[in-house]
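Quick notes on the structure that follows.
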Amino acid sequence: MAIRNSFAIADTHGGIVGGFTLDNYRGLADPVYLKVLAYSLTVAGINTVFCLVVGYFTASYIVSARHVGRP
34 MAIRNSFAIA DTHGGIVGGF TLDNYRGLAD PVYLKVLAYS LTVAGINTVF CLVVGYFTAS
94 YIVSARHVGR P
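Residue 34 is where the sequence shown starts when you use the working numbering, and the numbers rise one by one after that.
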């Protein structure tokens, strides 16, 4: 349904009239959208690296810690 609606024509009140257009996808090449996309991907990449580093050290600590009942 979302894919079908992405090709539809919007009316003046924000609803969907129907029809078929590629104007919605042409707007993605707008420099503002590209800048926002680049920023979002940068933030996602930094967050991914941060989570991997924190997860690695946390897992390393858990593996090396002594547990009750473990020799």
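Note that beta-carbon positions come from the ideal geometry of N, C-alpha and C, so glycine has one too. It should be emphasised that the depicted structure is a prediction, and the values quoted were computed from it without experimental measurement.
By the Cβ test, the stretch 34 to 41 is in contact with the stretch 52 to 59, since at least three Cβ pairs between them sit closer than 8 Å.
Secondary structure note for VAL96: it is in no beta strand (DSSP E), and the uninterrupted alpha helix (DSSP H) holding it is 64 to 97. When only Cα atoms are considered, VAL69 and THR75 end up about 10 Å apart. Distance between ARG99 and CYS84, taken at the CA atoms: about 24 Å. DSSP places ALA41 outside any alpha helix (DSSP H), giving it a letter other than H or E.
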